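Heads up: the structure comes next, in structure tokens.
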Amino acid sequence: MVIGLVLTHWDTQLGPLIMARYPNNFQVSKDEINKILMTHSISKEMTNEIVEIRLKEKIFLSYCPKKQIPVNGYSMMIIVLHLNEELLFDGIKNQLNEIGENLFNRSGNEQIKEFHQYASKFFQKKSSRKILFIGSSAVGKTSIKKLFFEGIPSESLLDLPLEPTYGLVQFNYDWLDLDLGVADLAGQEMDHFLNESFESEIDPFDSVDAILYIFDSTYWDTNSREIVQHIQKILDINTSRDLKSQFFVFCHKLDLIPTYDQQSFKNEIKYTLPASVQSNLFFTSIKSDMLHQLIRSMQVVIGTLSPQTNYLEEILFETISEKRNTAVIILNEKRILLSASTEDFKIINYSHIFSFISSMNLLLDDFKSEFTQLQLKGNRFNLHFSSIEWLSEGECIILISECLSFKELSLLKESIQYSLIYLETSYEKSSDNLNIDQKNSSK
Numbered sequence: 183m184v185i186g187l188v189l190t191h192w193d194t195q196l197g198p199l200i201m202a203r204y205p206n207n208f209q210v211s212k213d214e215i216n217k218i219l220m221t222h223s224i225s226k227e228m229t230n231e232i233v234e235i236r237l238k239e240k241i242f243l244s245y246c247p248k249k250q251i252p253v254n255g256y257s258m259m260i261i262v263l264h265l266n267e268e269l270l271f272d273g274i275k276n277q278l279n280e281i282g283e284n285l286f287n288r289s290g291n292e293q294i295k296e297f298h299q300y301a302s303k304f305f306q307k308k309s310s311r312k313i314l315f316i317g318s319s320a321v322g323k324t325s326i327k328k329l330f331f332e333g334i335p336s337e338s339l340l341d342l343p344l345e346p347t348y349g350l351v352q353f354n355y356d357w358l359d360l361d362l363g364v365a366d367l368a369g370q371e372m373d374h375f376l377n378e379s380f381e382s383e384i385d386p387f388d389s390v391d392a393i394l395y396i397f398d399s400t401y402w403d404t405n406s407r408e409i410v411q412h413i414q415k416i417l418d419i420n421t422s423r424d425l426k427s428q429f430f431v432f433c434h435k436l437d438l439i440p441t442y443d444q445q446s447f448k449n450e451i452k453y454t455l456p457a458s459v460q461s462n463l464f465f466t467s468i469k470s471d472m473l474h475q476l477i478r479s480m481q482v483v484i485g486t487l488s489p490q491t492n493y494l495e496e497i498l499f500e501t502i503s504e505k506r507n508t509a510v511i512i513l514n515e516k517r518i519l520l521s522a523s524t525e526d527f528k529i530i531n532y533s534h535i536f537s538f539i540s541s542m543n544l545l546l547d548d549f550k551s552e553f554t555q556l557q558l559k560g561n562r563f564n565l566h567f568s569s570i571e572w573l574s575e576g577e578c579i580i581l582i583s584e585c586l587s588f589k590e591l592s593l594l595k596e597s598i599q600y601s602l603i604y605l606e607t608s609y610e611k612s613s614d615n616l617n618i619d620q621k622n623s624s625k
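Heads up: the sequence shown begins at 183 in the numbering used here, then just goes up one per residue.
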């Protein structure tokens with residue numbers, strides 16, 4: 183993890199001056215700064231550079247705008263990490279290179295403000311939350327998890343059947359403001375744990391914030407009574423144990439129901455299931471032409487646990503509310519974090535989005551290039567794809583429109599970027615206020 187960051191300038195009379203640091207109590211010695219400065223001075227080329235130094239079980243990554251040395255002297259932005267955090271290098275170096283160029287084109291308070299805004303991203307507090315995936319064997323629990331949280335393309339999941347889950351398997355994902363645990367309960371174990379008299383050292387319902395019950399749509403005709411019993415037992419456990427868990431039901435593999443029968447099929451299920459689950463009942467599939475429904479349903483689930491997801495969703499919908507035939511998608515590597523579109527926009531085939539991202543990553547690897555921005559013009563649409571500065575993850579944004587020009591899409595992206603920066607600041611303040619309230623209430 184990142185230990186701290188400093189912004190420093192070399193004064194010819196006083197030596198190294200710390201202009202800003204984060205956190206406020208973070209210390210870097212003059213000797214450490216001098217060694218970093220000497221490393222920068224080895225190369226006589228006056229091009230901006232990042233150097234890496236290992237000192238006392240720590241790694242120092244330093245950005246120096248050497249093009250500015252003749253006018254401003256040596257300045258450096260330094261990120262300090264634990265020695266065992268090499269996996270973070272490439273991502274942090276890319277960020278440091280991008281933010282460094284922008285940072286040192288500013289001066290005075292603006293530069294320090296930019297530094298603090300960037301540095302604070304590494305220290306945002308995340309809330310721990312847990313989701314339980316539960317359902318009979320082979321209903322698609324693991325496929326949904328792999329597609330949504332890991333970005334595995336639906337075609338891969340359909341072509342290569344997954345090994346069955348055994349017991350209770352735990353996974354952890356870094357998701358916006360959440361340290362998210364996902365528990366996947368094997369289908370053959372479910373009936374045991376829904377029997378309140380069953381004794382086990384394992385408790386799949388322990389500390390669960392959301393329960394996602396998934397059933398196969400093709401089971402309904404022959405097993406509807408069993409499905410209703412499962413749902414009722416989960417509701418009873420949630421109530422009797424005072425879990426206060428959000429409860430969702432996914433009727434999955436809807437693509438296996440003939441299109442002409444789907445509406446009557448949905449109506450029958452809604453009529454049969456308990457009224458308390460009606461608002462959290464979703465019909466889903468990982469087939470490419472129905473993938474948007476699954477993505478949206480999972481975003482609703484995450485939104486009940488993640489305030490930041492809700493804030494982000496509001497930003498996206500508000501930004502495009504006055505537009506026509508427009509959609510926006512926020513991604514993190516292969517994962518779709520959130521999407522929004524105007525009501526008149528044609529439904530996005532998310533499998534094509536996954537394929538597009540994969541192809542872009544392969545192309546960039548071939549050219550040993552870093553991604554910044556791409557614009558594509560189709561017969562009926564324009565597409566803007568670019569990186570977006572937010573959190574510390576290196577998210578990307580896709581904007582698609584049948585009406586807006588490239589310039590208008592770029593302006594829309596900048597508007598969203600500005601709103602995200604404001605969101606980050608207001609979210610930090612609300613988190614700080616919450617912590618203060620919690621401290622005061624505990625006194």
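Quick reminder that beta carbons are idealized off the backbone N, C-alpha and C, glycines included. If you're wondering where the values come from, they're calculated on a predicted model, not measured in any experiment.
Item	Value
Roughly how many angstroms lie between the CA atoms of residue 485 and residue 243, to the nearest whole one?	36 angstroms
Given a cut-off of 9 angstroms, decide if residue 444 and residue 483 are closer than it, judged by their beta-carbon atoms.	no
Would you call residue 186 buried or exposed, if buried means 16 or more other Cβ atoms sit within 10 Å of its Cβ?	buried
Check the C-beta distance from residue 458 over to residue 487 and give it rounded, since I have them as a contact under 8 angstroms.	Not a contact, Cβ separation roughly 19 angstroms.
Figure out for me which residue from 502, 594, 188, 516 has the closest Cα to the Cα of residue 205.	188
Roughly how many whole angstroms lie between the Cα atoms of residue 601 and residue 521?	16 angstroms
Note down, in chain order, each residue of its chain lying with its Cβ closer than 7 angstroms to the Cβ of residue 364, except the 5 sequence neighbours on either side.	313, 315, 327, 331, 353, 355
Using alpha carbons as the reference points, say which of 393, 258, 407, 273 lies closest to residue 421.	393
How many angstroms separate the CA atom of residue 626 from the CA atom of residue 567?	The requested residue 626 is not part of the displayed model; the chain covers only 183 to 625.
According to DSSP, simplified to helix, strand and coil, what is residue 365?	strand
Below 8 angstroms on the Cβ atoms is my contact criterion, and I expect residue 491 with residue 479 to pass it. Report the Cβ-Cβ distance as a whole number of Å.	Wrong, their Cβ atoms sit about 13 angstroms apart, outside the cutoff.
Which residue or residues does DSSP assign as beta-bridge partners of residue 357?	360
Spatial neighbours of residue 554 within its chain, please: CB distance less than 7 angstroms, with the 5 preceding and 5 following residues excluded, ordered by chain position.	568, 569
Put residue 618 into one of helix, strand or coil per three-state DSSP.	Confidence at residue 618 is low in this model, with a pLDDT of 41, below 50, so its placement is unreliable and no value can be given for it.
Would you say residue 536 and residue 325 are within 9 angstroms of each other, going by their C-beta atoms?	no
Does the distance from the C-beta atom of residue 361 to that of residue 308 stay below 9 angstroms?	yes
Whole beta strand (DSSP E) runs in the region 431 to 511 with 3 or more residues, listed along the chain?	463 to 465
Quick one: complete beta strand (DSSP E) runs, 3+ long, within the region 268 to 329?	309 to 316
Is it the case that the region 493 to 509 contacts the region 579 to 589, given that we only count it when at least three CB pairs across the two stretches are under 8 angstroms?	yes
Given this structure, state the Cα-to-Cα distance separating residue 565 from residue 544, to the nearest angstrom.	19 angstroms
Looking at the structure shown, is residue 186 part of a helix, part of a strand, or coil, going by DSSP?	strand
In whole angstroms, give me the CA-to-CA distance for residue 321 and residue 305.	39 angstroms
In or out: residue 253 buried (at least 16 other Cβ within 10 Å) or exposed?	exposed
Quick one: grab the DSSP three-state call for residue 401.	helix
Might you give, ordered along the chain, the residues of its own chain that have their beta carbon closer than 8 angstroms to the beta carbon of residue 219, omitting 5 neighbours on each side?	192, 198, 256, 258
Would residue 438 pass as a contact of residue 412 if the rule is Cβ separation under 9 angstroms?	no
Going by beta carbon distance, what residues of the same chain come within less than 6 angstroms of residue 513, once the five residues before and after it are set aside?	578
At the level of alpha carbons, what is the spacing between residue 559 and residue 581?	12 angstroms
Keeping to the same chain, check which residues put their C-beta closer than 6 angstroms to that of residue 381; ignore five residues upstream and five downstream.	none
In the DSSP assignment, find the beta strand (DSSP E) that holds residue 389 and state where it starts and stops.	Taken as a continuous stretch (DSSP letters only), residue 389 belongs to no beta strand (DSSP E), as it is neither H nor E.
Which partner residues of residue 231 appear in the DSSP bridge assignment?	246
Here's a check: name, in chain order, each residue in its chain whose Cβ is nearer than 6 angstroms to the Cβ of residue 431, leaving out the five neighbours to either side.	395, 459, 463
How long is the line joining the alpha carbons of residue 340 and residue 280, rounded to whole angstroms?	39 angstroms
The alpha helix (DSSP H) with residue 253 in it runs from where to where?	251 to 254
Of all the options 527, 592, 426, which has the alpha carbon lying nearest to the alpha carbon of residue 562?	527
With 16 other CB atoms within 10 Å as the buried threshold, where does residue 195 fall?	exposed
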